[in-house]
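To start, the structure itself, in C-alpha cells.
Protein chains in written order, with our numbering: chain V, 2 to 204; chain E, 2 to 204.
Here you go:
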C-alpha cells in the first residue's frame with residue numbers, strides 16, 4: 002500500500018520547503034536584474050558579483066545571453082513580441098531560482114520599463130526580492146569601447162533596431178541601484194552591490 | 002577606469018564556476034525526470050525524494066505543474082506543438098538548475114519518448130546527469146485511485162486527449178529507474194531513488 006497521503010499534504014506547500022532550503026543553504030534567494038545598453042558592463046559586473054558572493058560562500062547563478070539565447074529562448078527572434086517573451090521567460094526562470102534559494106544574476110539589455118515591471122511583479126507575487134540595477138554608461142563611452150564593433154555597425158545602418166541607436170532604451174526611474182560604469186571601477190561597482198545586499202538584509 | 006578585462010576572460014568560463022559552486026554546495030547538480038500517467042505518483046515521490054535529500058543536506062528543487070503551468074509556460078495550451086514546447090522549456094530550465102548545482106526534480110506526464118530524449122540530449126550536451134524515472138502504475142489502479150476524478154471524466158468523454166485513455170503514453174524503454182508505485186510503498190520508492198543516486202556517485 003502507498004502511504005503517501007499525509008506526506009503529500011504537508012510537503013506540497015512550497016513555502017515550507019523554501020524556508021527549510023534557505024536554512025540549509027544559509028542564504029535567501031533574490032533576483033538581481035542588471036539592465037543597460039549593450040557593452041555597458043552588465044555581464045562583467047554580474048560575473049564580479051558572483052565571484053564576491055562565492056567568496057562569501059553564497060550560491061549565485063548567472064542568467065545571460067550565453068545560457069538563455071541558445072537554450073530556453075532559442076525559438077525567439079527579435080520582433081517586439083519575441084523581445085517581450087524573451088524577458089518574460091527569463092523573469093519567470095529567475096523567480097524559480099530565487100525561490101530555490103539561489104541569488105540569481107540576470108544581465109539583459111531589457112530596454113522596456115513595462116517588461117522589467119512585469120518581471121518585478123512576478124517576484125512580488127511570490128514575496129521574492131527583485132533588485133533592479135541600472136548599469137549606466139554614456140553613449141559616447143560605449144561607442145568608444147564598442148568591443149564587438151556593434152555600435153559602429155548600427156551607426157552605419159548594418160544592424161537595424163539597435164538599442165540606444167535606432168531603438169529606444171527606457172532608463173529605469175525607480176531602480177534599487179544605479180551604477181555609473183563610466184565613473185566607477187569594477188571593484189567599486191561590485192562593492193556598491195554587495196553593500197546594498199548587506200544593508201538590506203539579503204545576505 | 003574600468004579594470005574588468007582579465008576578470009571577464011577568466012570568469013566567463015561557466016565550467017570553472019560550476020565546479021566551484023559544486024565545491025561550495027558539497028553536491029553536484031543533476032536532473033531527475035519523473036514520467037508517468039496522471040495520478041501515478043510522480044509529484045508524491047518527487048516530494049518524498051526532496052525531503053530525503055534535504056535530510057542529507059542536499060539542495061533540491063521541484064519543477065511541476067504548480068510552478069510551471071502558471072508561470073513560465075502560462076502561454077502554452079495543449080496542442081501537440083504546445084505540449085512539445087512545454088517539455089522542451091522545462092528541460093532547458095531543469096538543465097540550468099542542475100548546472101547551478103541543484104538536484105532538479107521534474108514531475109511531468111511527458112508522454113512522448115522523443116520529447117524526453119530531447120531533454121536528455123540537452124543535458125548530455127552540457128555533461129549534466131539526466132536520470133529518467135518511469136513512475137509506473139497499472140491503469141486499473143489509477144482509475145480506482147482517480148483522486149481528481151479525471152479518469153472518470155475522460156472515460157465519459159468529458160475530457161478529450163487524456164493521456165492513457167484517448168491519448169498515447171509512450172512508456173520509457175531505457176530509463177534509469179522503473180518504479181512500480183502499485184507495488185512499492187512510498188518509502189520503498191524513495192529508497193530506490195536515493196540508492197541509485199548513491200551508487201552512481203550523484204550524492
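Glycine is no exception: its CB is placed at the ideal position from the N, C-alpha and C atoms.
Computed from a predicted model, the values in this text were never measured in an experiment.
Here the C-alpha atom of residue 80(E) lies approximately 20 Å from the C-alpha atom of residue 108(E).
Only 42, 44, 45, 46, 48, 49, 51, 52, 55, 58, 59, 60 and 61 from the region 27-61 of chain V bring a Cβ to less than 9 Å from some Cβ of chain E.
In the DSSP annotation of this structure, the continuous segment of the beta strand (DSSP E) that includes residue 105(E) starts and ends at 104-108.
By the Cβ test, the region 82-100 of chain E is in contact with the region 116-134 of chain E, since at least three Cβ pairs between them sit closer than 8 Å.
Taking 8 Å as the cut-off between beta carbons, the residues of the region 93-125 of chain V near chain E are 93, 94, 96, 97, 98, 100, 101, 102, 103 and 123, in sequence order.
Bridge partners of residue 179(E) according to DSSP: 135(E). Judged by beta-carbon spacing, residue 110(E) lies within the 8 Å limit of residue 38(E), meaning their Cβ atoms are closer than that value. Chain-ordered, the chain E residues with CB closer than 8 Å to the CB of residue 72(V) read 93, 96, 97 and 123.
With a beta-carbon spacing of about 6 Å, residue 93(E) and residue 123(E) fall inside the 8 Å limit used to define contacts. The three-state reading of DSSP puts residue 146(E) in helix, counting H, G and I together. Between residue 129(V) and residue 31(V), the beta carbon gap of about 7 Å places them in contact (Cβ cut-off 8 Å). By the rule that beta-carbons nearer than 8 Å mark a contact, residue 156(E) does not touch chain V.
Contact between the region 52-71 of chain V and the region 156-173 of chain V is absent: fewer than three C-beta pairs spanning the two stretches fall below 8 Å. Between residue 106(E) and the set 89(E), 64(E), 142(E) and 28(E), the nearest pair of CA atoms involves 64(E).
Under the DSSP assignment, residue 75(E) falls outside any alpha helix (DSSP H); it carries neither an H nor an E label.
Nearest CB-CB separation between residue 181(V) and chain E: not below the 8 Å threshold.
Against chain E, the CB of residue 204(V) has no partner CB under 8 Å away; the residue lies outside that interface. In the DSSP annotation of this structure, the continuous segment of the beta strand (DSSP E) that includes residue 62(V) starts and ends at 61-65. The criterion of a C-beta distance shorter than 8 Å is satisfied by residue 137(V) and residue 179(V).
If you draw a straight line from the Cα of residue 161(E) to the Cα of residue 152(E), it comes to about 11 Å. Per the DSSP secondary-structure output, residue 18(E) pairs with nothing in a beta bridge. Under the 8 Å criterion on CB atoms, residue 18(E) is classed as interfacial with respect to chain V. Distance check between residue 149(V) and each of 77(V), 27(V), 53(V) and 42(V) places 42(V) closest, using alpha-carbon atoms only.
Residue pairing for residue 35(V): DSSP places it in a beta bridge opposite 108(V) and 134(V). Cβ neighbours of residue 155(E) within its own chain (closer than 6 Å, five residues either side excluded): 163 and 166. Within the same chain, Cβ atoms closer than 7 Å to the Cβ of residue 44(E) are found at 65 and 108, the five residues on either side in sequence being excluded.
About 7 Å separates the CB atoms of residue 50(E) and residue 33(E); that is less than 8 Å, so the two are in contact. With respect to residue 101(V), residue 103(E) sits close: the two C-beta atoms are nearer than 8 Å. Excluding the 5 residues flanking it on each side, residue 193(E) has same chain C-beta neighbours closer than 7 Å at 178 and 180, in chain order. Under DSSP, residue 164(V) takes part in a beta bridge, and its partners are 168(V). Residue 141(V) has its alpha-carbon roughly 21 Å from the corresponding atom of residue 174(V). Counted as a single uninterrupted DSSP element, the stretch harbouring residue 184(V) is not any alpha helix (DSSP H), since DSSP gives it neither H nor E.
Neighbours of residue 178(E) across chain V, judged by C-beta separation under 7 Å, do not exist; the nearest C-beta is about 17 Å away.
DSSP places residue 49(E) within a helical segment (H, G or I) once states are collapsed to three. Note that the C-beta distance between residue 187(V) and residue 46(V) is below 8 Å. Residues of chain E whose Cβ lies closer than 9 Å to the Cβ of residue 25(V) are, in chain order, 55, 58, 59 and 60.
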